[in-house]
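Inspection log for the structure reproduced underneath, given as structure tokens.
Encoded structure:
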């Protein structure tokens, strides 16, 4: 029996961290982990960025599918329910292998859709189409990923 996949449709809001947010996170970190009390904000930022934590991502899983095309179709057809009046401008369709012991060993191609308010619809976007797409892909990928452009 071949490995099966489930496709998680996740609604996403993403923001690049600004100076105020970095400072707040650093203060929280110092309380949670006293070793950081002797470190600087720049050291904290370097550490977090090294782990790919340059963005704050807020999400919720809106639906689960066993067919990727159905997940995309649902995202496009139920835009108003998912978008929450613009609160979630992105959708990720995240494949997860099931019926196997080590799901992280399975190749995953995450599909990202971005809401286009001019036509009131989500459209599929590529990793290099928008500054937030690659961080979304990296956030949901179980293995390290790098950008591969499909453009010329």
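Residue numbers (full-length UniProt numbering): 1 to 152.
Cβ atoms here follow ideal geometry from the backbone N, Cα and C, with glycine treated the same way.
Quick caveat, the model's predicted, so the values are computed rather than measured.
Spatial distance of residue i from residue j (CA atoms)
{"i": "residue 5", "j": "residue 78", "result": "22 angstroms"}
{"i": "residue 159", "j": "residue 115", "result": "Here the chain comprises residues numbered 1 to 152, so residue 159 is not present and cannot be evaluated."}
{"i": "residue 127", "j": "residue 41", "result": "30 angstroms"}
{"i": "residue 125", "j": "residue 132", "result": "10 angstroms"}
{"i": "residue 94", "j": "residue 10", "result": "8 angstroms"}
{"i": "residue 118", "j": "residue 83", "result": "14 angstroms"}
{"i": "residue 20", "j": "residue 26", "result": "10 angstroms"}
{"i": "residue 98", "j": "residue 37", "result": "42 angstroms"}
{"i": "residue 28", "j": "residue 34", "result": "10 angstroms"}
{"i": "residue 72", "j": "residue 113", "result": "9 angstroms"}
{"i": "residue 90", "j": "residue 70", "result": "17 angstroms"}
{"i": "residue 54", "j": "residue 74", "result": "30 angstroms"}
{"i": "residue 18", "j": "residue 61", "result": "26 angstroms"}
{"i": "residue 45", "j": "residue 57", "result": "17 angstroms"}
Residue range of the alpha helix (DSSP H) that includes residue i
{"i": "residue 139", "result": "133 to 140"}
{"i": "residue 69", "result": "68 to 77"}
{"i": "residue 31", "result": "19 to 32"}
{"i": "residue 45", "result": "41 to 50"}
Test: residue i CB closer than 8 angstroms to a CB of chain D
{"i": "residue 138", "result": "You won't find chain D in this structure, because it holds only one protein chain."}
Unbroken beta strand (DSSP E) run spanning residue i, endpoints
{"i": "residue 123", "result": "121 to 125"}
In DSSP terms, what residue i is bridged to
{"i": "residue 7", "result": "65 and 95"}
{"i": "residue 111", "result": "93"}
{"i": "residue 15", "result": "56"}
{"i": "residue 116", "result": "121"}
Cβ-based neighbour list, residue i, same chain, cut-off 8 angstroms, excluding 5 preceding and 5 following
{"i": "residue 64", "result": "6, 7, 8 and 9"}
{"i": "residue 67", "result": "7"}
Nonlocal neighbours in the same chain, by C-beta distance under 7 angstroms from residue i, ignoring five residues either side
{"i": "residue 96", "result": "5, 6, 8 and 103"}
{"i": "residue 123", "result": "113, 114 and 116"}
contact_flag[the segment 5 to 22, the segment 127 to 141] where n(CB pairs < 8 angstroms) is 3 or more
yes
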